[in-house]
Amino acid sequence: MTLTPKLGPGLGFGLGVVAFYFLMPLVSAFEFSARGAGNVYSLEAYGRIASQYGFKDVILLTTRLVFVTVFLTILIMVPTVTWVHLKAKKLRRLIEFISLLPLVIPPVVLVLGVLATMPNYLKGTPMLLALEYVMLAMPYTFRALDAGLGAIDVRTLVDAARGLGSPWHTVFMRIIAPNIRSAIFGSIFLTVALVLGEYTMASLMLWETFPTWIATVGQSEATLAVALSIFSLAFAWVLLLALSAVERRQKGRK
Amino acid sequence: MSIQSTVQRSSRVTISNLRRTFADVVALDSFSLNIEPGELITLLGPSGCGKTTALRMVAGLDVPDSGSVEINGASVTNLPPSKRDMGMVFQAYSLFPNMTARENVAFGLRVRGVGKAERLKRANELLELVDLTTQANRYPHQMSGGQQQRVALARALAIEPKVLLLDEPLSALDAKVRTQLRDEIRRVQQEVGITTIFVTHDQEEAMAISDRVGVMNKGNLEQLAAPDFLYANPATAFIASFVGAMNRLPGLLMDANTVKVLDTTLKVANSSHGFASGSKIDVMIRPEHLMMTSGDIATILDRSFRGPMTRIVVVLDDGTRINLDVASASAISINPGDRVGLTITVDKALIEAR
Ligand SMILES: Nc1ncnc2c1ncn2[C@@H]1O[C@H](COP(=O)(O)OP(=O)(O)OP(=O)(O)O)[C@@H](O)[C@H]1O
Ligand SMILES: [Mg+2]
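For the record, the sequence lines run as chains A and B.
Counting along the first sequence from 1, when you hit position 247 you're at 247 in the working numbering, and nothing is skipped either side.
Every number in the working numbering is 1000 more than the matching position in the second sequence, counting from 1.
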């Protein structure tokens, strides 16, 4: 109790500085994007976003990529990290190291590697890009899930569920997933943020996703470019807020 | 459905020559055990002797390198846990944190596709059996350790298992709850009439609740017998010192079957010991089989009051320490430093290398 007033002013000041640091560029960017013709403020630039060439396709493709990437990430990573915790504790360091590789290998190399190894029917589909995103997200998702599983007694819970006759998919759906919910949502957040912001891979693979589209469209006009980046920020925010609302609903149901 | 009908008929368990190795560790060597229908067998042994491994094999949570497990004569060695119907309670708290006590108990029935009304009714019956009706809607983190283990017991019994497997279910609990719960487990086991394997490394617990106790050592079953028989007739020195307290007294082997210790001649209990006559060996004597007399062969070192009995520690002139128990009423006059004599009140004993 006595700590709060003591910390109060210091903490407030700190938060103020941080808020200023983050908000100032946003505010300035917004101010710039709202400069209309003849020094009159207007949101006219934002109105033009939706009518830009390719807007609908880009939003659709990006949303699809978000969902596929999140789905694949959870489908691949949750069982993998669980397996590491159950059977291969000794391999954890090694697998953690492997999960870091996407951070150190240049995107060009990753793209070339994927193109060289993936089957032809995947090439030319955006699914290939989703697979790359799964890989790119791995350093973050592995850590989030690893921490989540580290906080519960996976071995005993799995044994108990299996002993009572659960098939593996029930073990995952009813026992593991509900007990590492925060970790799963954490990795979903990270994955969504990554897909919404990734530029290099998408442009190397010649797909027009939201970030590459912004770059292309924005080249022609400065106000529009800035309006676009603020719009993309808002888009990401809305998605993440929706997700956290879902998480809170789930928590409430428990 | 009454609780008794939980087990249509008790099962006979036949475990033959189970072997399981982890890299270079032999967890189970050649483990065999026959359990009569409705019997409660305790597996007793030091940490790392393979108790948990043995239970996991019976439950189907692990697969043996070789050997077999049969229930009522039918092999289940290669069946997954879902086809075995075993109820298991674990050493660590194992309730599903995201479910209430009742949902935990009903979980096995849910997996088996039992309808909601039926499984909740059944869960309530089982919670009643373990005296926890008032906790039905609590989550595990809202319950005490003892309550959690009782829910775990109810959960294991809910699926009408053929065999109940308990892996040190009491080891995380404090002493008082331990004895209460151990008696409750025995009561429930008798009420339901279910064949049970109970694992522990606490010999007192094993003695108190079992029909028969199996002592394990290094992946093998060394002896299987009723508690009183095991205590009185341990087959090996390892069992003797693991079950109850044991003194090692210096002795001299006269011939293959007789040994001299403290000027008394005793029969040797383990005839196939392989020592030559004249060997200096250790003789195993329980504290209650020693009596203090007037004499001059040992010095009193220490005494500690233990209720009706007092534990006395004496030391022989060669430095051997010996524990013995005397009635507390007659222990008052005994003081550290006193010189005393010792008499052995049994006529046979196990011997082991010095
Ligand atoms: N999954 C495993 N991987 C490697 N070694 C194992 C594994 N499980 C058991 N062991 C080893 O096998 C031996 C027997 O283990 P087990 O868990 O059966 O012992 P325990 O009798 O239950 O001991 P405790 O009383 O400590 O629970 C031990 O040496 C243990 O280290
Ligand atoms: Mg164990």
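We treat Cβ as the ideally placed atom computed from N, Cα and C, and that holds for glycine.
- Near ligand 2, meaning a Cβ closer than 7 Å to any of its heavy atoms, lie the following residues in chain order: Lys1051/B, Thr1052/B, Gln1091/B, Asp1167/B, Glu1168/B, Val1199/B.
- The shortest CA-to-CA distance from Pro1169/B to any of Glu1103/B, Gln1180/B, Lys1162/B is the one to Gln1180/B.
- Interface criterion not met: the Cβ of Arg1150/B is under 8 Å from no Cβ in chain A.
- The three-state reading of DSSP puts Glu1352/B in strand, counting E and B together.
- By DSSP's assignment, Leu1043/B forms a beta bridge with Val1199/B, Gly1214/B.
- Chain-ordered, the chain A residues with CB closer than 8 Å to the CB of Phe1090/B read Thr156, Asp159, Ala160.
- Against chain A, the beta carbon of Ala1059/B has neighbours under 7 Å at Gly163, listed in chain order.
- Closest option to Asp146/A, judged by alpha-carbon separation, among Ala183/A, Val171/A, Val111/A, Ser220/A: Ala183/A.
- The three-state reading of DSSP puts Ile1332/B in coil, since its state is none of H, G, I, E or B.
- Contact holds between the segment 1031-1045 of chain B and the segment 1197-1210 of chain B, because three or more Cβ pairs, one in each stretch, are under 8 Å apart.
- Annotation for Ala1235/B: Glu1222, Gln1223, Asn1270 place their beta carbon closer than 8 Å to its own, counting only its chain and skipping 5 residues before and after.
- Taking a beta-carbon distance threshold of 8 Å, Ser166/A counts as an interface residue toward chain B.
- At least one CB atom of chain A sits nearer than 8 Å to the CB of Ser1094/B.
- Its chain contains Gly36 as the residues whose beta carbon lies nearer than 6 Å to that of Ser42/A, once the 5 sequence neighbours on both sides are disregarded; these appear in chain order.
- Note that the C-beta distance between Leu1164/B and Gln1189/B is below 8 Å.
- Taking a Cβ-Cβ cut-off of 9 Å, Pro1064/B has no neighbours in chain A, whose nearest Cβ is about 17 Å from it.
- At a beta-carbon threshold of 7 Å, the residues of chain B lying near Ile175/A are Phe1096, ordered along the chain.
- Looking at the DSSP output, Phe1031/B bridges to Leu1018/B.
- Nearest Cα to Leu1033/B within the set Lys1051/B, Ser1047/B, Ser1279/B: Lys1051/B.
- Any Cβ of chain B closer than 8 Å to the Cβ of Asp153/A would place that residue at the interface, and such an atom is present.
- One finds Val1111 in chain B with Cβ atoms closer than 8 Å to the Cβ of Thr170/A, taken in chain order.
- Remark: the C-beta of Phe1238/B is outside contact range of ligand 1, defined as less than 7 Å to any heavy atom.
- Ser1030/B has its Cβ no nearer than 7 Å to any heavy atom of ligand 1.
- Annotated as distal: Ala1101/B and Leu1061/B, with beta-carbon spacing of 8 Å or more.
- For a Cβ distance threshold of 7 Å, residue set Leu164, Gly165 of chain A lies close to Gly1108/B, ordered along the chain.
- Rounded to whole angstroms, Met135/A and Val171/A show a C-alpha spacing of 25 Å.
- The three-state reading of DSSP puts Asn1078/B in coil, since its state is none of H, G, I, E or B.
- Minimum Cα-Cα distance from Ala151/A among the listed residues Gly163/A, Asn179/A, Gly124/A corresponds to Asn179/A.
- Between the segment 1269-1286 of chain B and the segment 1307-1316 of chain B, the count of C-beta pairs closer than 8 Å stays below three; the two stretches do not touch.
- For Ile1159/B, the neighbours in chain A by C-beta distance under 8 Å run, in chain order, Leu164, Gly165.
- Listed along the chain, the chain A residues whose CB falls inside 9 Å of the CB of Pro1081/B are Asp159, Arg162, Gly163, Leu164, Gly165, Ser166.
- In the three-state reduction of the DSSP assignment, Asn1247/B falls in the strand class, which pools E and B.
- In the structure shown, Met1309/B adopts extended strand secondary structure according to DSSP, grouped into three states.
- Excluding its 5 nearest sequence neighbours in each direction, Asn1335/B has C-beta neighbours in its own chain below 7 Å: Ile1300, listed in chain order.
- Shown here for Ser1277/B: same chain residues with a beta carbon closer than 8 Å to its own, the five before and five after excluded, namely Leu1253, Met1254, Asp1255, Ala1256 in chain order.
- A straight line joining the alpha-carbon of Lys1116/B with that of Leu164/A spans about 17 Å.
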